[in-house]
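> Provided herewith is a single structure, encoded as C-alpha coordinates, for subsequent inquiry.
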Amino acid sequence: MTMSMPRRDPNAPVGAIARTSSEVSSRSGSDDVSVSFEFFPPKTGAAEDRLWSAIEKLEPFAPDFVSVTYGAGGSTRERTHRTVERMARETSFTPAAHLTCVDAPRAEIDAIAQDYWDAGIRHIVALRGDPTEGIGERYQPHPDGYDYASELVAGLKNIADFEVSVSAYPELHPESSDWRAEIDNLKRKIDAGATRAITQFFFSPDIFWRFQDRVLDAGLDIPIVPGLMLQPNVKGLQRMSSLCGVAVPDWYVELFEGLDGDPLTRDMLTASLMSELTAELYDRGVRQYHLYTLNRAEIAGAVARVLGMHRRTQLVR
(Lines of atoms letter the chains of each structure in order from A and count residues from 1; the text may use other names and numbers.)
(Lines give C-alpha, C1' and ligand atoms only; values in the text may rest on other atoms or scores of the structure.)
Protein backbone atom coordinates (compact mmCIF):
# COMPACT_ATOMS: atom_id res chain seq x y z
CA MET A 1 0.00 0.00 0.00
CA THR A 2 1.46 3.37 -0.99
CA MET A 3 0.11 6.65 0.27
CA SER A 4 1.33 10.20 -0.20
CA MET A 5 1.80 12.21 2.95
CA PRO A 6 -0.91 14.69 3.87
CA ARG A 7 0.39 18.22 4.39
CA ARG A 8 -0.64 19.70 7.69
CA ASP A 9 -3.26 22.43 7.60
CA PRO A 10 -1.43 25.46 9.11
CA ASN A 11 -4.74 26.83 10.39
CA ALA A 12 -5.69 23.65 12.22
CA PRO A 13 -5.80 23.87 16.03
CA VAL A 14 -2.99 22.18 17.95
CA GLY A 15 -2.56 20.76 21.41
CA ALA A 16 -5.95 19.04 21.71
CA ILE A 17 -7.50 15.79 20.60
CA ALA A 18 -9.88 16.92 17.87
CA ARG A 19 -11.59 13.59 17.42
CA THR A 20 -12.22 10.91 20.01
CA SER A 21 -10.81 7.43 19.57
CA SER A 22 -14.28 5.96 19.20
CA GLU A 23 -14.98 8.30 16.29
CA VAL A 24 -11.76 7.20 14.61
CA SER A 25 -12.78 3.59 15.00
CA SER A 26 -16.24 4.26 13.56
CA ARG A 27 -14.79 5.94 10.46
CA SER A 28 -11.79 3.70 9.82
CA GLY A 29 -11.60 0.24 8.33
CA SER A 30 -9.57 -2.15 6.24
CA ASP A 31 -9.62 0.14 3.19
CA ASP A 32 -8.72 3.21 5.23
CA VAL A 33 -6.02 2.37 7.78
CA SER A 34 -2.81 0.38 7.53
CA VAL A 35 -1.07 -0.92 10.65
CA SER A 36 2.22 -2.76 11.05
CA PHE A 37 3.51 -4.50 14.18
CA GLU A 38 7.11 -4.74 15.36
CA PHE A 39 8.39 -7.68 17.40
CA PHE A 40 11.78 -8.62 18.80
CA PRO A 41 13.26 -12.13 18.62
CA PRO A 42 13.06 -14.16 21.86
CA LYS A 43 16.14 -15.02 23.91
CA THR A 44 14.66 -17.85 26.00
CA GLY A 45 12.10 -20.60 25.64
CA ALA A 46 9.65 -18.73 27.86
CA ALA A 47 10.12 -15.56 25.81
CA GLU A 48 9.52 -17.52 22.64
CA ASP A 49 6.24 -18.83 24.05
CA ARG A 50 5.18 -15.26 24.87
CA LEU A 51 6.11 -14.05 21.40
CA TRP A 52 4.08 -16.71 19.62
CA SER A 53 1.15 -16.18 21.96
CA ALA A 54 1.24 -12.48 21.00
CA ILE A 55 1.47 -13.36 17.32
CA GLU A 56 -1.57 -15.63 17.60
CA LYS A 57 -3.60 -12.86 19.26
CA LEU A 58 -2.56 -10.15 16.80
CA GLU A 59 -2.75 -12.16 13.59
CA PRO A 60 -6.51 -11.58 13.06
CA PHE A 61 -5.88 -7.83 12.76
CA ALA A 62 -4.28 -8.54 9.36
CA PRO A 63 -1.46 -5.98 9.61
CA ASP A 64 0.09 -4.66 6.43
CA PHE A 65 3.35 -6.28 7.56
CA VAL A 66 5.22 -7.23 10.73
CA SER A 67 8.88 -6.53 11.38
CA VAL A 68 11.40 -8.35 13.55
CA THR A 69 14.28 -6.42 15.09
CA TYR A 70 17.98 -6.93 15.72
CA GLY A 71 19.60 -6.40 19.08
CA ALA A 72 22.38 -3.85 19.60
CA GLY A 73 25.26 -4.49 17.26
CA GLY A 74 23.30 -7.10 15.31
CA SER A 75 23.51 -9.42 18.33
CA THR A 76 20.27 -11.29 17.56
CA ARG A 77 20.87 -11.79 13.83
CA GLU A 78 20.40 -15.57 13.93
CA ARG A 79 17.26 -15.39 16.08
CA THR A 80 15.82 -12.68 13.86
CA HIS A 81 16.38 -14.86 10.81
CA ARG A 82 14.70 -17.90 12.40
CA THR A 83 11.76 -15.88 13.68
CA VAL A 84 11.12 -14.20 10.31
CA GLU A 85 11.28 -17.46 8.40
CA ARG A 86 8.94 -19.19 10.87
CA MET A 87 6.46 -16.32 10.53
CA ALA A 88 6.57 -16.72 6.77
CA ARG A 89 5.93 -20.47 7.03
CA GLU A 90 3.38 -20.67 9.81
CA THR A 91 1.34 -17.45 9.81
CA SER A 92 -0.58 -15.24 7.41
CA PHE A 93 1.71 -12.32 8.25
CA THR A 94 3.89 -10.62 5.67
CA PRO A 95 7.17 -10.46 7.60
CA ALA A 96 9.90 -7.87 7.20
CA ALA A 97 13.36 -8.49 8.58
CA HIS A 98 15.53 -5.81 10.15
CA LEU A 99 19.01 -5.74 8.67
CA THR A 100 21.84 -3.48 9.87
CA CYS A 101 25.30 -2.44 8.78
CA VAL A 102 26.89 -3.09 12.16
CA ASP A 103 29.84 -5.43 12.65
CA ALA A 104 29.54 -7.39 9.39
CA PRO A 105 31.23 -7.29 5.97
CA ARG A 106 29.19 -6.60 2.87
CA ALA A 107 29.52 -10.19 1.67
CA GLU A 108 27.92 -11.49 4.85
CA ILE A 109 25.07 -8.98 4.75
CA ASP A 110 24.47 -9.67 1.07
CA ALA A 111 24.33 -13.40 1.77
CA ILE A 112 21.76 -12.86 4.53
CA ALA A 113 19.66 -10.71 2.21
CA GLN A 114 19.85 -13.34 -0.53
CA ASP A 115 18.79 -16.02 1.96
CA TYR A 116 15.78 -13.91 2.89
CA TRP A 117 14.82 -13.46 -0.76
CA ASP A 118 15.19 -17.19 -1.40
CA ALA A 119 12.95 -17.87 1.61
CA GLY A 120 10.24 -15.60 0.15
CA ILE A 121 10.92 -12.55 2.32
CA ARG A 122 10.43 -9.49 0.13
CA HIS A 123 10.60 -6.66 2.69
CA ILE A 124 13.65 -5.45 4.61
CA VAL A 125 13.86 -2.73 7.26
CA ALA A 126 17.33 -1.34 6.47
CA LEU A 127 19.11 0.43 9.32
CA ARG A 128 22.61 1.60 10.07
CA GLY A 129 22.22 0.05 13.50
CA ASP A 130 23.41 0.94 16.98
CA PRO A 131 27.12 0.79 17.84
CA THR A 132 28.37 -2.61 18.95
CA GLU A 133 29.12 -1.19 22.42
CA GLY A 134 25.57 0.14 22.72
CA ILE A 135 23.51 3.26 22.06
CA GLY A 136 25.45 6.40 22.89
CA GLU A 137 28.83 4.97 22.02
CA ARG A 138 30.78 6.03 18.93
CA TYR A 139 29.71 4.26 15.73
CA GLN A 140 32.50 2.66 13.72
CA PRO A 141 31.67 1.28 10.27
CA HIS A 142 33.00 -2.19 9.51
CA PRO A 143 36.08 -1.78 7.29
CA ASP A 144 34.60 -4.13 4.67
CA GLY A 145 30.95 -3.35 5.31
CA TYR A 146 28.26 -0.89 4.38
CA ASP A 147 29.04 2.36 6.13
CA TYR A 148 25.51 3.72 6.45
CA ALA A 149 21.89 2.81 5.81
CA SER A 150 21.81 4.55 2.42
CA GLU A 151 24.59 2.24 1.20
CA LEU A 152 22.76 -0.77 2.64
CA VAL A 153 19.56 0.22 0.81
CA ALA A 154 21.45 0.48 -2.48
CA GLY A 155 23.10 -2.88 -1.84
CA LEU A 156 19.78 -4.55 -1.18
CA LYS A 157 18.29 -3.14 -4.37
CA ASN A 158 21.26 -4.55 -6.29
CA ILE A 159 20.54 -8.02 -4.89
CA ALA A 160 16.80 -8.10 -5.57
CA ASP A 161 13.75 -5.88 -5.84
CA PHE A 162 13.13 -5.71 -2.10
CA GLU A 163 10.59 -3.39 -0.57
CA VAL A 164 12.79 -1.36 1.79
CA SER A 165 11.71 0.57 4.86
CA VAL A 166 14.11 2.93 6.61
CA SER A 167 14.14 4.96 9.81
CA ALA A 168 13.32 8.63 10.37
CA TYR A 169 13.82 10.83 13.43
CA PRO A 170 11.22 13.53 14.21
CA GLU A 171 13.39 14.87 17.05
CA LEU A 172 16.75 14.46 15.25
CA HIS A 173 18.98 11.41 15.39
CA PRO A 174 21.29 11.81 18.40
CA GLU A 175 24.28 12.01 16.05
CA SER A 176 22.78 14.56 13.62
CA SER A 177 24.34 18.02 13.76
CA ASP A 178 21.21 19.84 12.57
CA TRP A 179 18.01 19.45 10.59
CA ARG A 180 19.71 19.93 7.24
CA ALA A 181 21.98 16.96 7.95
CA GLU A 182 19.01 14.92 9.15
CA ILE A 183 16.89 15.54 6.07
CA ASP A 184 19.87 15.08 3.73
CA ASN A 185 20.48 11.66 5.26
CA LEU A 186 16.85 10.67 4.76
CA LYS A 187 17.04 11.88 1.17
CA ARG A 188 20.09 9.68 0.52
CA LYS A 189 18.16 6.66 1.73
CA ILE A 190 15.18 7.54 -0.47
CA ASP A 191 17.41 8.13 -3.49
CA ALA A 192 18.98 4.71 -2.89
CA GLY A 193 15.57 3.05 -3.20
CA ALA A 194 13.72 3.25 0.13
CA THR A 195 9.96 3.12 -0.25
CA ARG A 196 8.81 4.00 3.31
CA ALA A 197 10.24 5.69 6.40
CA ILE A 198 9.16 4.60 9.88
CA THR A 199 9.72 7.16 12.61
CA GLN A 200 11.29 6.89 15.99
CA PHE A 201 8.57 7.06 18.64
CA PHE A 202 7.30 10.40 19.92
CA PHE A 203 4.61 11.67 22.27
CA SER A 204 3.36 14.95 20.81
CA PRO A 205 1.57 14.98 17.45
CA ASP A 206 3.03 18.41 16.76
CA ILE A 207 6.50 16.83 16.70
CA PHE A 208 5.32 14.59 13.87
CA TRP A 209 3.65 17.44 11.96
CA ARG A 210 6.74 19.62 12.13
CA PHE A 211 8.94 16.78 10.92
CA GLN A 212 6.54 15.91 8.13
CA ASP A 213 6.53 19.52 6.97
CA ARG A 214 10.35 19.50 6.84
CA VAL A 215 10.26 16.35 4.73
CA LEU A 216 7.68 17.75 2.32
CA ASP A 217 9.48 21.07 2.08
CA ALA A 218 12.57 19.13 0.99
CA GLY A 219 10.59 17.62 -1.89
CA LEU A 220 10.56 14.10 -0.44
CA ASP A 221 7.33 12.23 -1.03
CA ILE A 222 7.36 8.73 0.39
CA PRO A 223 5.11 7.63 3.24
CA ILE A 224 6.39 8.76 6.64
CA VAL A 225 4.83 6.27 9.06
CA PRO A 226 4.57 7.30 12.71
CA GLY A 227 6.05 4.78 15.13
CA LEU A 228 4.13 4.40 18.42
CA MET A 229 5.90 2.99 21.48
CA LEU A 230 3.65 0.74 23.58
CA GLN A 231 5.86 0.68 26.69
CA PRO A 232 3.90 0.69 29.97
CA ASN A 233 7.06 0.78 32.11
CA VAL A 234 7.67 4.52 32.27
CA LYS A 235 11.10 4.17 33.91
CA GLY A 236 12.24 1.89 31.13
CA LEU A 237 10.69 4.29 28.64
CA GLN A 238 12.63 7.20 30.11
CA ARG A 239 15.91 5.27 29.91
CA MET A 240 15.26 4.33 26.30
CA SER A 241 14.17 7.84 25.38
CA SER A 242 17.26 9.46 26.89
CA LEU A 243 19.47 7.29 24.68
CA CYS A 244 17.39 7.95 21.56
CA GLY A 245 16.97 11.70 21.98
CA VAL A 246 13.21 11.44 22.48
CA ALA A 247 11.47 13.90 24.83
CA VAL A 248 9.02 12.31 27.26
CA PRO A 249 6.67 15.08 28.47
CA ASP A 250 6.42 15.67 32.22
CA TRP A 251 2.65 15.24 32.07
CA TYR A 252 3.11 11.78 30.55
CA VAL A 253 5.46 10.68 33.33
CA GLU A 254 3.20 12.12 36.03
CA LEU A 255 0.28 10.02 34.85
CA PHE A 256 2.24 6.87 35.78
CA GLU A 257 3.27 8.03 39.26
CA GLY A 258 2.33 5.53 41.97
CA LEU A 259 1.64 2.72 39.50
CA ASP A 260 4.86 0.70 39.91
CA GLY A 261 2.90 -2.15 41.50
CA ASP A 262 -0.14 -1.88 39.23
CA PRO A 263 0.74 -3.33 35.81
CA LEU A 264 -2.87 -3.59 34.68
CA THR A 265 -3.51 0.13 35.12
CA ARG A 266 -0.21 0.93 33.40
CA ASP A 267 -1.26 -1.19 30.42
CA MET A 268 -4.68 0.46 30.26
CA LEU A 269 -3.16 3.93 30.52
CA THR A 270 -0.62 3.22 27.78
CA ALA A 271 -3.32 1.91 25.45
CA SER A 272 -5.48 4.97 26.15
CA LEU A 273 -2.66 7.48 25.58
CA MET A 274 -1.51 5.86 22.36
CA SER A 275 -5.12 5.65 21.16
CA GLU A 276 -5.50 9.39 21.74
CA LEU A 277 -2.31 10.02 19.79
CA THR A 278 -3.62 7.97 16.86
CA ALA A 279 -6.89 9.93 17.05
CA GLU A 280 -5.03 13.21 16.60
CA LEU A 281 -2.91 11.81 13.78
CA TYR A 282 -5.92 10.27 12.05
CA ASP A 283 -7.85 13.52 12.28
CA ARG A 284 -5.21 15.22 10.15
CA GLY A 285 -4.90 12.56 7.50
CA VAL A 286 -2.47 9.91 8.76
CA ARG A 287 -3.56 6.42 7.70
CA GLN A 288 -0.46 4.31 8.34
CA TYR A 289 0.85 3.40 11.81
CA HIS A 290 3.73 1.26 13.07
CA LEU A 291 3.27 -0.19 16.57
CA TYR A 292 6.33 -1.10 18.65
CA THR A 293 4.59 -3.97 20.44
CA LEU A 294 7.42 -5.17 22.75
CA ASN A 295 5.89 -8.61 22.07
CA ARG A 296 2.81 -7.65 24.13
CA ALA A 297 -0.49 -8.35 22.41
CA GLU A 298 -2.88 -6.66 24.82
CA ILE A 299 -1.84 -3.03 24.31
CA ALA A 300 -1.17 -3.46 20.59
CA GLY A 301 -4.53 -5.14 20.12
CA ALA A 302 -6.36 -2.36 21.94
CA VAL A 303 -4.77 0.36 19.77
CA ALA A 304 -5.42 -1.68 16.63
CA ARG A 305 -9.09 -1.93 17.59
CA VAL A 306 -9.32 1.83 18.04
CA LEU A 307 -8.03 2.09 14.47
CA GLY A 308 -10.79 -0.24 13.26
CA MET A 309 -8.47 -3.14 12.41
CA HIS A 310 -10.74 -5.68 14.11
CA ARG A 311 -13.13 -5.30 11.16
CA ARG A 312 -10.67 -6.95 8.84
CA THR A 313 -11.36 -10.51 7.80
CA GLN A 314 -8.77 -13.07 6.80
CA LEU A 315 -8.14 -16.76 6.67
CA VAL A 316 -5.66 -17.70 9.39
CA ARG A 317 -3.66 -20.78 8.56
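Residue numbers for the sequence shown follow numbering that gives the first Met the number 0, so the first one is 0 and each next one is one higher.
Heads up, the beta-carbon is just placed ideally off N, CA and C, and yes, glycines get one too.
Note that the structure is predicted; figures quoted are calculated from it, not measured.
Any idea if Asn157 is buried or exposed, counting beta-carbon neighbours within 10 angstroms, 16 or more meaning buried?
exposed
> At what residues does the alpha helix (DSSP H) containing Arg304 begin and finish?
Ala296 to Val305
> Near Leu254, what residues of its chain come up, given a Cβ to Cβ distance below 8 angstroms and the 5 sequence neighbours on each side ignored?
Leu268 and Leu272
> Where does Gln287 sit, in a helix, a strand or coil, going by DSSP?
strand
> Can you tell which of Thr79, Ser33 and Arg78 has its C-alpha closest to the C-alpha of Phe64?
Ser33
> With Leu50 and His97 assumed to form a contact (beta carbons below 8 angstroms), what rounded beta-carbon distance in angstroms separates them?
With a contact defined as Cβ atoms closer than 8 angstroms, Leu50 and His97 miss out at about 15 angstroms.
> Quick test of the definition: if touching needs 3 or more C-beta pairs under 8 angstroms, does the segment 138-145 touch the segment 75-92?
As far as the Cβ criterion goes, the segment 138-145 does not touch the segment 75-92, which means the pair count is below three.
> DSSP state of Leu229, grouped into three classes?
coil
> Measure the Cβ-Cβ separation of Leu227 and Thr264 and say whether it is below 9 angstroms.
no
> Smallest Cα separation from Ile189: which of Ala217, Asp259, Asp48 and Arg209?
Ranking Ala217, Asp259, Asp48 and Arg209 by Cα distance to Ile189 puts Ala217 first.
> Whole angstroms is fine: what's the gap from Leu293's alpha carbon to Gly154's?
Between the alpha carbons of Leu293 and Gly154 lies a distance of about 29 angstroms.
> With a CB to CB cut of under 7 angstroms and the five nearest residues on each side skipped, what residues in its chain are close to Arg76?
Tyr69
> Around the C-beta of Ala176, are 16 or more other C-beta atoms found within 10 angstroms, so that it is buried, or is it exposed?
The sequence shown places Ser at residue 176, rather than the Ala named in the question. With fewer than 16 other Cβ atoms within 10 Å, it is exposed.
> Taking the straight line between their C-alpha atoms, what separation do you get for Thr194 and Ser164?
6 angstroms
> Can you name the residues that DSSP bridges to Phe64?
Ser35, per the DSSP bridge assignment.
> Where does the unbroken beta strand (DSSP E) through Ile123 begin, and where does it stop?
His122 to Leu126
> Identify every residue that forms a DSSP beta bridge with Val165.
Ala196
> Report the CB separation of Tyr35 from Pro62 in whole angstroms; it is logged as a contact under 8 angstroms.
Note that residue 35 is Ser in the sequence shown here, rather than Tyr. Contact flag correct, Cβ pair sits at about 5 angstroms.
> Given that a residue counts as buried once 16 or more other Cβ atoms are within 10 Å of its Cβ, and exposed if not, what is Pro231?
Residue burial annotation: Pro231 is buried, with at least 16 other C-beta atoms found within 10 angstroms of its C-beta.
> Evaluate Gln199 with the Cβ neighbour count: other Cβ atoms within 10 Å of its Cβ, from every protein chain shown; 16 or more gives buried, anything less gives exposed.
buried
> Applying the 10 Å Cβ sphere with the 16-neighbour rule, what's the burial state of Gly307?
buried
> Only counting the same chain, and skipping five residues up and downstream in sequence, which positions put a Cβ closer than 6 angstroms to that of His289?
Ser35, Ile197, Val224 and Gly226
> With DSSP as the reference, please indicate the residues paired to Pro94 in a beta bridge.
Val65
> Who are the Cβ neighbours of Ala191 in its own chain at under 6 angstroms, not counting the five residues just before and after it?
Ser149, Val152 and Ala153
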